[in-house]
Structure formats: structure tokens, C-alpha cells
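K.L.:
Let me begin by handing over the structure; questions about it come next.
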Amino acid sequence: MQDNEMLETFLAESRELLADMEEALLQLEERPDDPELPHRVFRAAHTIKGSAGLFAREAAVPFAHEMESVLGRVREHELSVDAELIAVLLECGDHLGTLCGIEGPAPDALRHRGDALVARLRHYLGEPAGVASAPAGAGTPEAVAGTAGEWTVSFRFEPDVLACGIDPLAFARHLGGLGTLRQVTPSWDDRCGLAALEPERCYLGLSVVLDAQTTAAALEDVFEFVREDVDLTITPPSAPDTEVSESPVQGGREPAAAAAATAQPAVSFLRVRSDKLDALVDLVGELVVASAAVATEGRAAGGRLAESSEILSGLVEQLREVSLSVRTVPVGETFRRFQRIVRDTGRQLGKDIELVIEGGDTELDKTVVERIVDPLTHLVRNAVDHGIEDAGRRRAAGKPAVGRVRLNAYHEAGHVVLEIEDDGAGMDPERVRARAEARGLVEPGTEIDERAMLQVIFEPGFSTADRVSDVSGRGVGMDVVRRNIEALRGTIELDTTPGAGTRFRIRLPLTLAIIDGFLLEVAGTPYVLPLDAVVECVELPGGHRGEVLPLRGHALPLIALNRALGHTGPEARRRNVVVIRHEGALYGLVVDRLLGEHQTVLKPLGRVFDRLECVSGATVLGSGEVALILDVARVTAQAIAREELAWAG
Numbered sequence: 001m002q003d004n005e006m007l008e009t010f011l012a013e014s015r016e017l018l019a020d021m022e023e024a025l026l027q028l029e030e031r032p033d034d035p036e037l038p039h040r041v042f043r044a045a046h047t048i049k050g051s052a053g054l055f056a057r058e059a060a061v062p063f064a065h066e067m068e069s070v071l072g073r074v075r076e077h078e079l080s081v082d083a084e085l086i087a088v089l090l091e092c093g094d095h096l097g098t099l100c101g102i103e104g105p106a107p108d109a110l111r112h113r114g115d116a117l118v119a120r121l122r123h124y125l126g127e128p129a130g131v132a133s134a135p136a137g138a139g140t141p142e143a144v145a146g147t148a149g150e151w152t153v154s155f156r157f158e159p160d161v162l163a164c165g166i167d168p169l170a171f172a173r174h175l176g177g178l179g180t181l182r183q184v185t186p187s188w189d190d191r192c193g194l195a196a197l198e199p200e201r202c203y204l205g206l207s208v209v210l211d212a213q214t215t216a217a218a219l220e221d222v223f224e225f226v227r228e229d230v231d232l233t234i235t236p237p238s239a240p241d242t243e244v245s246e247s248p249v250q251g252g253r254e255p256a257a258a259a260a261a262t263a264q265p266a267v268s269f270l271r272v273r274s275d276k277l278d279a280l281v282d283l284v285g286e287l288v289v290a291s292a293a294v295a296t297e298g299r300a301a302g303g304r305l306a307e308s309s310e311i312l313s314g315l316v317e318q319l320r321e322v323s324l325s326v327r328t329v330p331v332g333e334t335f336r337r338f339q340r341i342v343r344d345t346g347r348q349l350g351k352d353i354e355l356v357i358e359g360g361d362t363e364l365d366k367t368v369v370e371r372i373v374d375p376l377t378h379l380v381r382n383a384v385d386h387g388i389e390d391a392g393r394r395r396a397a398g399k400p401a402v403g404r405v406r407l408n409a410y411h412e413a414g415h416v417v418l419e420i421e422d423d424g425a426g427m428d429p430e431r432v433r434a435r436a437e438a439r440g441l442v443e444p445g446t447e448i449d450e451r452a453m454l455q456v457i458f459e460p461g462f463s464t465a466d467r468v469s470d471v472s473g474r475g476v477g478m479d480v481v482r483r484n485i486e487a488l489r490g491t492i493e494l495d496t497t498p499g500a501g502t503r504f505r506i507r508l509p510l511t512l513a514i515i516d517g518f519l520l521e522v523a524g525t526p527y528v529l530p531l532d533a534v535v536e537c538v539e540l541p542g543g544h545r546g547e548v549l550p551l552r553g554h555a556l557p558l559i560a561l562n563r564a565l566g567h568t569g570p571e572a573r574r575r576n577v578v579v580i581r582h583e584g585a586l587y588g589l590v591v592d593r594l595l596g597e598h599q600t601v602l603k604p605l606g607r608v609f610d611r612l613e614c615v616s617g618a619t620v621l622g623s624g625e626v627a628l629i630l631d632v633a634r635v636t637a638q639a640i641a642r643e644e645l646a647w648a649g
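Just so it is clear: in the sequence shown, position 335 is 335 by full-length UniProt numbering, and no numbers are missing.
Here's what the structure looks like:
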């Protein structure tokens, strides 16, 4: 592992630890008697402190120690938890994250901010701001909970450790910070002869005798960010001949937790750069296209080539599924980011608001998740700022004083649906109309239904807010939200009930790379539908001219794709109906030919195709032809709009 990769690993894992710390602090505010939460927060700060010094994060180490001192008191029930303490610790977590990104001493501005936070922390310890707390390992609760005596820590790095920028002696010095170093003994790698020595490789190991009151977990934490590159053995004072931990290090668990973990199948994790995953998915996409071409040739040739191409297609499909699953992440990890936003924004506005998260296990492509964070942040802030009323107005309306924002995720017909819902005041369509007319977005007296009227909030510069706030709603943003979502081939819809609340529904594709498709033909042109949206296929009775097809006792609305897609010319003599499901309703797409399932590699369309309302992308078929991918949401929306216009006329 190169030195810059190790630094990236440290920074990435520090961010994860800080995110876990923040989540635990927010839970601790709600459940101050939960004994596990203070341990989670302490462990995160302790692990970051243990590794920051190895990467020259000089300011992060003492600051994390100051946090440890307070967290240790909380963990030992010597300090009660209240909203003010949680607020201080959350600010400290933010500052620690900033310090982890700075090599060497902190700049003056950050140092002054850190000094102010340290003074607030020491207030809880009853210490003057200028007096440093006890050194780590000398009296922290982590040390008190451990075993006193002479610990033996033996470690040997991989030979290329020096080229990676790792100093083995730095780990010995860091161990000395946990107690008193009694002895440091080097050990020689006997497998390497003198003639084979290379000056840039390391052949020495170290055995450190440490007199300290600590735990095996605390000692393992020293090697947290290099565990893949070190052989580690820890021997406690009570059992000089017993190996407690051997590399690879098991992540700093207490003995009881480690014993419980051994009873279950081991799950190993490998951190991989996201750009490598992107390259893998791109290559798999090209492989899918090539495989489709081979399958076409195989079917034409027949015999053993056809059999071999079928086997190849099956293996490529399995590879596609595995590669795409590697790039998906639970959306709950993103949802939990908003706990802090809802808490801090609510307190800033004097509102008490709870965030409810549902469907957190729903998985979504990591690329989509990264690009949806900003739109979600804007919608959540809007819900807190403009949606939820203050406690007085809520009580007067017969509502609970505590407002509620709900984030939900679930799968629907090849898409992931994200819902942002609040139980606030809702939107008044008449008020929206008045603002729209005042801004010239709607002609006075124009007949327009309520659903269409509400869509005007996505127009640039439109706002229903009575005030401009620093939190949200400066009359810009909702148009950007819609534009960002549409850039992901998604849609956003709004439902609101005055006095009851507002709900935004965002529909996003599961992945931006490869999907299972259903290939069909309209007017001699191939098109692809997302397979998850397809329910069944039926033949259209000859001579049928109605806009509704009776299907097992139900009236199925029909959408003629040749008309929706702008094709002209005579209709095919035999036509079929592809029954699709969208937002719980069934529709029938009238097509000329059914060509079957097709693994579809999504290719974005250039700006010249922006006016193609019903199309979300393109793909290359095995024959070399290009097929357009139909957007089910836009096809059905266009059909509904035409029907409403027809009724209006």
C-alpha cells in the first residue's frame, strides 16, 4: 500500500468513525441512559487519536484527548448528559474532522476555535481552561478498565513498509504514550540473507514491553489503520505465554465480543477506490454488448457455437449482477446524515422536530446516492424551515407539539422511490396560484387543476415563503432540485394537504449503468422498456380501436406508442399490448412486435436529444443497432396529460 493510499484510508475511516460518533451522540441525546452509546463515542475518539499521530495530524491528537476526558466521565456516569453537552460534543466532532485533514500544526483560526471548544469541555471537568488534563493512559477510563502490568507487544511490518512512508519506531513511541516503555527489542528476519538485503526494505520487527494499565483492544487500536500490513501479537501481563491477538488485527474488540464473533462466520471487507468500481462496471457494460453480438452470431450459426454463446451470456449476466451489487449502498446511510441537520436547524428555529427513517436497507447505486444528497438536503431543510409549524401553532391546530419529518425508501418497478414527508402546514393551492400569477408564471383566469398548479413551485425563482431565511427558501433552489433529479433520469412529484403536511416523491433508477430490459418494436424501430415495469404481454384483438382494453374484468387504459413517439405511417396488422405498472396503476402500451428480454447497457443521450420527452437513454443491440430506452414515468405522464387536455377541450 502506497503512503498516499494509506493516508486516504486513514481519512476515509476517520470520516466513518466521526459519522458513527455523530449518530451515537444524537441517539445519546434521546436515550441518555443507554450504556452502550457513550462507549461508541469514546471508542471513535480514541481510535482517531491513536492513528492521527502516525499521519502527522499534530493538532488532532491533543484535541481528541480532551474529548476523551469528558467522554470518559460520561461513560463512568460521573457526568450527566444534557442537550448542551451533546451540542458541545457535536461541535467538537466537526472540529476533529477538520483537524484530521490538516498535516502539522493547525492554522491560527482553527487553533483559536479549538481553544474555545477545549475551554467548554474543561468546564465540564471543573478544570481551568489553561490546565491540561491527564495524559492518555495515565488515568483515562479506558486505562482504568484494563489490566495493570507489563504488556508485550510484538509487531513486524511488510518489507516495503519504508517505501509506504510508515515509520515502525513511531508505533513504539505511540505505545509509550499509553504507559512506560520498559524494553524495546528488535528481531531479525532470518529468512533473508545478508547478500539479499535492500536498503529501502525493512527486515526488523520490534518487541515492546509496556508497563501500563490498559486493554488489548486499546493496544490494537494503535495499529488500526495499518492492520493489513502488520503481523501483531499482544501478550497480557497475566498470561506471558498466551497470544491474545494475532494479525490480521480483529478490529479492537473486547475479549467477550471477540469470543462471540468467533462463533459466527467471519466476514471480511476490502476497501476499494470508487473509480476502480466505476471502471469495472464500464468494462462489464462493454462485455454485455459484446456478449449480445456473440449470442446473435451463435443463434445464426447454430450447433455448438449457439450452446457456447448461451453459456457465455449466462456467465456475463451473473458477472453483471455481482459487479452492480458491489456498487450499491443502503440509502439509510445517507438518510442518517439528516439527523444532525434536522436537530440543529430545528433548534435554530426554536422547533422540536423528530426525524423518522424507514426503508433504510433499500439499496441504490453509489453514484446516484452521491448526486442525490444535495436535493435531499434542500427538501429536508425546507420541511423543517417552512413546512413544520412552531409548537404554539401546532397545539392550536390540535397537533402534537413535536413536528415530524419522515424519510422513506422502497423499490417500485425497477426504480427506487424516496419520500420526504412532513406533518406541517402543507401548501395552499390558491396561495400558490396567487404567487404564480403575480410573477407572470400563470395567466389570470386560466383553468388548471390543483396538481398541475403545484408544479409551478419548481419554476426558477418561485417561492411561497413569507420571509427570507438563512436556513432555506431564498426563492431559488426547487428548480435546481428538479434539474438535478432529472439529470439522474428521475422524477419528482408533490402531494400536499393544507393543514396536514407535504410529501415529495422522488423516483430514481436503480443504477445508471446496466438494467434488465424488454425489447420491442414500434414502426420498425427498436425500443427498450425496463423489465421491472413489465407485468405481462397480451395480443391486441384484431380491429380493436378503443382507448381501453377489457382485461380480466378490468379496464386497461391503452397508450399507442407509435402516436406517443411521433411515428407516422400505417399500423401493423397484428399488434401486441405490453402491460406495465407505474405508481400502482396498470397501463397497456400498444406495440408492433415483442422481441423479448435484453440486457441493456445504458448510454446517455446528448443535449441534441433533450426534446425527446419519453426517452431516458440509448443502448447498443447485439446486431449493432441503437435502441432508445423508454422512460415509463414520462410515457404515462404524457398520455395522462393528453387525456386531460382532450377532456378540457
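Don't be surprised by glycine CBs; every beta carbon is placed ideally from N, CA and C.
1) Does the Cβ of LYS49 have 16 or more other Cβ atoms within 10 Å, making it buried, or fewer, making it exposed?
2) Within the same chain, show all residues whose beta-carbon is closer than 7 angstroms to that of residue 651, passing over the 5 residues directly before and after it, in chain order.
3) Decide yes or no for the touch test of the stretch 476 to 483 against the stretch 383 to 393: beta carbon pairs closer than 8 angstroms, at least 3 of them.
4) Which whole-angstrom value is the C-beta distance of ILE514 and PHE504, which I expect to be below 8 angstroms?
5) Taking only the alpha-carbon atoms, compute the straight-line gap between ALA401 and GLN348 and give it to the nearest angstrom.
6) Starting from ASN576, follow its DSSP beta bridges and name the residues at the other end.
7) Pull up the CB-CB distance for GLU597 and LEU531, whole angstroms please, since I reckon it's below 8 angstroms.
8) Taking Cβ positions, are SER207 and THR235 nearer each other than 7 angstroms?
9) Using only the alpha-carbon positions, how far apart do VAL230 and LEU175 sit?
10) Output the distance between the C-alpha atoms of ARG581 and GLY477, rounded to the nearest integer angstrom.
11) Specify, as a first and last residue, the run of the alpha helix (DSSP H) that residue 650 falls within.
12) So for PHE462, helix, strand or coil by DSSP?
13) For the beta strand (DSSP E) containing PRO526, name the first residue and the last one.
14) Please name the residue in HIS567, ARG573 and GLU547 whose C-alpha comes closest to that of GLY588.
15) Look up THR334 in the DSSP assignment and say whether it is helix, strand or coil.
16) Taking the C-alpha atoms as reference points, what is the distance between ILE357 and PHE335?
17) Give a yes or no on contact between the stretch 321 to 333 and the stretch 280 to 297, applying the rule of three or more CB pairs nearer than 8 angstroms.
18) Mapping DSSP to helix, strand and coil, what is THR98?
19) Quick check on the DSSP output: the alpha helix (DSSP H) that includes TYR124 runs from which residue to which?
20) Assuming LEU364 and LEU510 are in contact, meaning their beta carbons sit under 8 angstroms apart, how far apart are those beta carbons, in whole angstroms?
21) Which same chain residues end up closer than 7 angstroms to TYR410 when comparing Cβ atoms and leaving out the 5 residues on each side of it in sequence?
22) Where does ALA585 sit, in a helix, a strand or coil, going by DSSP?
23) Could you round the C-beta distance between ARG573 and VAL590 to whole angstroms and report it? I think they count as a contact, below 8 angstroms.
24) Identify which residue in VAL74, ALA59 and GLU447 has its Cα closest to the Cα of ILE102.
25) Can you tell me whether THR328 is helix, strand or coil according to DSSP?
26) What span of residues does the alpha helix (DSSP H) with residue 655 cover, start to end?
27) Note down, in chain order, each residue of its chain lying with its Cβ closer than 7 angstroms to the Cβ of LEU380, except the 5 sequence neighbours on either side.
28) Taking DSSP as the reference, what is the three-state secondary structure of LYS603?
29) Report yes if the CB atom of GLY501 is closer than 7 angstroms to the CB atom of ASP374, and no otherwise.
30) Got a sec, what are the start and stop residues for the beta strand (DSSP E) ILE353 sits in?
31) In chain order, what residues of the same chain have a beta carbon less than 6 angstroms from the beta carbon of GLU333, not counting five sequence neighbours either side?
32) Assign GLY104 to one of two classes, buried (16 or more other C-beta atoms within 10 Å of its C-beta) or exposed (fewer than that).
33) Please check the pair ALA45 and MET21, which I expect to be a contact at CB under 8 angstroms, by giving their CB distance rounded to whole angstroms.
34) Going by alpha carbons, who is nearest to GLU78 out of SER51, MET427, ASP33 and PHE63?
35) Kindly identify the DSSP beta-bridge partner or partners of ALA533.
P.N.:
Considering the structure as presented:
1) Counting from 1 along the sequence shown, the entry for residue 49 is found at position 49. By the neighbour-count rule (16 or more Cβ atoms within 10 Å), LYS49 is buried.
2) Given that the chain is displayed from residue 1 to residue 649, the structure contains no residue 651 and the question cannot be resolved.
3) The stretch 476 to 483 vs the stretch 383 to 393: no contact.
4) Counted from its first residue, the sequence shown places residue 514 at position 514. Counted from its first residue, the sequence shown places residue 504 at position 504. Actually they do not touch by this definition, with Cβ atoms about 28 angstroms apart.
5) Locating residue 401 in the sequence shown gives position 401, where the first residue counts as 1. Locating residue 348 in the sequence shown gives position 348, where the first residue counts as 1. Here the alpha carbon of ALA401 sits roughly 16 angstroms from the alpha carbon of GLN348.
6) Sequence index remark: in the sequence shown, residue 576 carries index 576 (1-based). Bridge partners of ASN576: GLU539 and VAL591.
7) Working through the sequence shown from its first residue, we reach residue 597 at position 597. Working through the sequence shown from its first residue, we reach residue 531 at position 531. Their Cβ separation, rounded to whole angstroms, is 6 angstroms, which keeps GLU597 and LEU531 in contact under 8 angstroms.
8) Position 207 of the sequence shown holds residue 207. Position 235 of the sequence shown holds residue 235. Not in contact: SER207 and THR235 (Cβ atoms no closer than 7 angstroms).
9) Indexing the sequence shown from 1 puts residue 230 at position 230. Indexing the sequence shown from 1 puts residue 175 at position 175. Cα to Cα, VAL230 sits roughly 15 angstroms from LEU175.
10) On the sequence shown, residue 581 is found 581 positions in, with the first residue counted as 1. On the sequence shown, residue 477 is found 477 positions in, with the first residue counted as 1. Taking the straight line from one Cα to the other gives about 31 angstroms.
11) It is not possible to answer for residue 650, since the shown part of the chain is limited to 1 through 649.
12) As a working note, residue 462 is residue 462 in the sequence shown. Assignment of PHE462 by DSSP, reduced to helix, strand and coil, places it in the coil class.
13) In the sequence shown, the residue the question calls residue 526 occupies position 526. Per DSSP, PRO526 belongs to the beta strand (DSSP E) from 525 to 530.
14) Position 588 of the sequence shown, counting from 1, holds the residue named residue 588. For GLY588, the closest C-alpha among the options HIS567, ARG573 and GLU547 is that of GLU547.
15) Position 334 of the sequence shown, counting from 1, holds the residue named residue 334. Looking at THR334 - three-state DSSP - the assignment turns out to be helix.
16) On the sequence shown, residue 357 is found 357 positions in, with the first residue counted as 1. On the sequence shown, residue 335 is found 335 positions in, with the first residue counted as 1. Near 7 angstroms, if we compare the C-alpha coordinates of PHE335 and ILE357.
17) The stretch 321 to 333, when compared against the stretch 280 to 297, does touch it at the 8 angstroms Cβ threshold.
18) On the sequence shown, residue 98 is found 98 positions in, with the first residue counted as 1. Residue state, collapsed to three classes: helix.
19) Translated into the one-based positions of the sequence shown, residue 124 becomes position 124. 108 to 125 is the span of the alpha helix (DSSP H), which, as asked, contains TYR124.
20) Here the question's residue 364 lines up with position 364 in the sequence shown. Here the question's residue 510 lines up with position 510 in the sequence shown. The pair is a contact, with the Cβ atoms about 7 angstroms apart (cut-off 8 angstroms).
21) Residue numbering aside, residue 410 sits at position 410 when the sequence shown is read from its first letter. Once the five neighbours on either side are set aside, the close Cβ partners of TYR410 are GLY359, THR362 and VAL417.
22) Sequence index remark: in the sequence shown, residue 585 carries index 585 (1-based). In the structure shown, ALA585 sits in a strand (DSSP, three-state: E or B).
23) One-based indexing of the sequence shown puts residue 573 at position 573. One-based indexing of the sequence shown puts residue 590 at position 590. The C-beta distance from ARG573 to VAL590 rounds to 13 angstroms, too long to meet the 8 angstroms contact threshold.
24) What you label residue 102 is simply residue 102 of the sequence shown in a count that begins at 1. Closest option to ILE102, Cα to Cα, is ALA59.
25) The count along the sequence shown starts at 1 and reaches residue 328 at position 328. Three-state result, THR328: strand.
26) Coverage of the chain is limited to positions 1 through 649, which leaves residue 655 absent and any answer about it impossible.
27) One-based indexing of the sequence shown puts residue 380 at position 380. As written in the sequence, residue 380 is Val, which differs from the Leu given in the question. Closer than 7 angstroms at Cβ, skipping near neighbours: PHE338, ILE341, VAL342, VAL405 and ILE420.
28) Start at 1 with the first residue of the sequence shown, and residue 603 comes out as number 603. Note: LYS603 maps to strand in three-state DSSP.
29) Position 501 of the sequence shown holds residue 501. Position 374 of the sequence shown holds residue 374. Contact flag unset, no.
30) Within the sequence shown, residue 353 is the residue found at index 353, counting from 1. That run of the beta strand (DSSP E) goes 353 to 358.
31) In the sequence shown, the residue the question calls residue 333 occupies position 333. Result list for GLU333: empty, nothing under 6 angstroms.
32) Here residue 104 is taken as the residue at index 104 of the sequence shown, counted from 1. Looking at its Cβ environment, which holds fewer than 16 other Cβ atoms inside 10 Å, GLY104 is exposed.
33) For the purposes of this step, residue 45 is identified with residue 45 of the sequence shown, where counting begins at 1. For the purposes of this step, residue 21 is identified with residue 21 of the sequence shown, where counting begins at 1. Rounded, the Cβ-Cβ distance is 7 angstroms, consistent with contact.
34) Mapped onto the sequence shown, residue 78 falls at position 78. The candidate whose alpha carbon is nearest that of GLU78 is ASP33.
35) Residue numbering aside, residue 533 sits at position 533 when the sequence shown is read from its first letter. Beta-bridge pairing links ALA533 to no other residue.
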